[in-house]
Amino acid sequence: MNKKLAAALSGGAVLVLTLSGCGDDSDNKVNDWAKNVCDQVQPQLQKIANANAAIQQQTADNSKPADVQKTDSAAFQQISQAYKALGAAVDSAGAPPVNDGETTQKEAVKELNASSVAYAGLKTKVDALDTKDQAKFADGLKGIADELNKISTNGDEALKKLQSGDVGTAMAKQKGCQKPTASAPPAAAPPASEPASPSPSASKKA
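Residue numbers for the sequence shown, in the numbering used here: 1169 to 1374.
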């Protein structure tokens, strides 16, 4: 039931600023700017990775709608807050010391804040789904997954621009801006090997 949602999360640009690569040493000012941003970014990227992992784990066909709703709602809330904090981190760092840096920074902040609002909207939609009707709930999740795909693919040009050129090279060297590994909740195991629930879907009343 939640598989399409999980696929949308794993396939989209949900983790921003996850750079890899190396390059020649850039100007020290650019490196200093990148370190300032990336030190603040890492905890937020970790939150997003953990939220994605929680949704991935709640993907079994016999997962109860109420459990799926609770997991997805909490995850979207966490992602929304993380994007807001990412926007604040890029904003507080000031403009990167490159050509057109101020415009690039402002556009990136605007985009990160827009993503925060969008995920808050997804949380509201998940909370409003009817968990008593499994067919309707599944349709609702499908709509949310479609919307998630749009959030992931639309309007990421500003972030791509922020991650290009000297700034991108400098950020890629910073450990804080590299993709974290999700730390799953204590009770959870990798989704492929974890049975969904010890009690098969008692609430399948569709």
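We put the beta carbon where it would ideally sit given N, CA and C, even for glycine. Please read all numbers here as calculations on a predicted model, not as lab measurements.
(request) Please check the pair A1250 and M1339, which I expect to be a contact at CB under 8 Å, by giving their CB distance rounded to whole angstroms. (result) As a working note, residue 1250 is residue 82 in the sequence shown. As a working note, residue 1339 is residue 171 in the sequence shown. With a Cβ gap of about 17 Å, A1250 and M1339 do not count as contacting.
(request) Report yes if the CB atom of T1272 is closer than 7 Å to the CB atom of L1330, and no otherwise. (result) Residue 1272 sits at position 104 when you count from the first residue of the sequence shown. Residue 1330 sits at position 162 when you count from the first residue of the sequence shown. It is a contact, given that the beta carbons lie within the stated cut-off.
(message) Is it buried or exposed, D1192, if we count other Cβ atoms within 10 angstroms and call 16 or more buried?
(response) Mapped onto the sequence shown, residue 1192 falls at position 24. Residue placement at D1192 is flagged as unreliable, the pLDDT there being 43, under the threshold of 50; a coordinate-derived value is accordingly withheld.
(request) Could you tell me how far apart the beta carbons of V1335 and V1198 are, in whole angstroms, since I believe they sit closer than 8 Å? (result) Position 167 of the sequence shown, counted from the start, is the residue given in the question as residue 1335. Position 30 of the sequence shown, counted from the start, is the residue given in the question as residue 1198. Rounded, the Cβ-Cβ distance is 6 Å, consistent with contact.
(request) State the Cα-Cα distance for the pair A1221 and V1266, rounded to the nearest angstrom. (result) Residue mapping note: residue 1221 aligns to position 53 of the sequence shown, counting from 1. Residue mapping note: residue 1266 aligns to position 98 of the sequence shown, counting from 1. Using only the alpha carbons, I get a separation of about 36 Å.
(message) Please give me, in chain order, every unbroken run of the alpha helix (DSSP H) with length at least 4 that falls completely inside the region 1248 to 1326.
(response) 1269 to 1295, 1302 to 1321
(message) Quick check on the burial criterion: 16 or more other C-beta atoms within 10 angstroms. Buried or exposed for A1303?
(response) As a working note, residue 1303 is residue 135 in the sequence shown. Result: exposed.
(message) Am I right that G1255 and S1284 are in contact with their C-beta atoms under 8 Å? What's the rounded C-beta distance?
(response) As a position in the sequence shown, residue 1255 is number 87, starting the count at 1. As a position in the sequence shown, residue 1284 is number 116, starting the count at 1. So it is a contact: roughly 7 Å between Cβ atoms.
(request) For the alpha helix (DSSP H) holding T1337, just list the boundary residues, first then last. (result) Numbered from 1 along the sequence shown, position 169 holds the residue referred to as residue 1337. Start and end: 1333 to 1341.
(request) Pull up the distance between the alpha-carbon of D1295 and that of V1258, whole angstroms please. (result) Working through the sequence shown from its first residue, we reach residue 1295 at position 127. Working through the sequence shown from its first residue, we reach residue 1258 at position 90. Roughly 30 Å between the two C-alpha positions.
(request) Look at F1244 and L1290 and say whether their C-beta atoms are less than 7 Å apart. (result) In the sequence shown, residue 1244 corresponds to position 76, counting from 1. In the sequence shown, residue 1290 corresponds to position 122, counting from 1. In contact: F1244 and L1290 (Cβ atoms closer than 7 Å).
(message) Please tell me whether A1253 and N1204 are closer than 7 Å, where the distance is taken between their beta carbons.
(response) On the sequence shown, residue 1253 is found 85 positions in, with the first residue counted as 1. On the sequence shown, residue 1204 is found 36 positions in, with the first residue counted as 1. Contact: no.
(request) Using 10 angstroms around the beta-carbon of S1332, count the other beta-carbons present and answer buried if the total reaches 16, otherwise exposed. (result) The residue you call residue 1332 lines up with position 164 of the sequence shown. Result: exposed.
(message) So the candidates are A1350, D1298, Q1246; which of them puts its Cα closest to the Cα of P1233?
(response) Residue mapping note: residue 1233 aligns to position 65 of the sequence shown, counting from 1. Checking every option, the nearest Cα to that of P1233 belongs to D1298.
(request) Return helix, strand or coil for Q1226, following the three-state DSSP convention. (result) Indexing the sequence shown from 1 puts residue 1226 at position 58. Residue state, collapsed to three classes: coil.
(request) Give the C-beta separation of L1173 and D1240 to the nearest angstrom, bearing in mind that I take them to be a contact with Cβ-Cβ under 8 Å. (result) The sequence position of residue 1173 within the sequence shown is 5, counting from 1. The sequence position of residue 1240 within the sequence shown is 72, counting from 1. So it is a contact: roughly 7 Å between Cβ atoms.
(request) May I ask you to report which of helix, strand or coil DSSP gives S1231? (result) The residue you call residue 1231 lines up with position 63 of the sequence shown. Three-state result, S1231: coil.
(message) Taking 7 Å as the threshold (C-beta atoms), are A1263 and G1269 in contact?
(response) As a first step, residue 1269 is located in the sequence shown; it is residue number 101 there, counting from the start. As a first step, residue 1263 is located in the sequence shown; it is residue number 95 there, counting from the start. Yes.
(message) Using the three-state DSSP reduction, which class does N1204 fall into: helix, strand or coil?
(response) As a working note, residue 1204 is residue 36 in the sequence shown. Of the three classes helix, strand and coil, the one that applies to N1204 here is helix, per DSSP.
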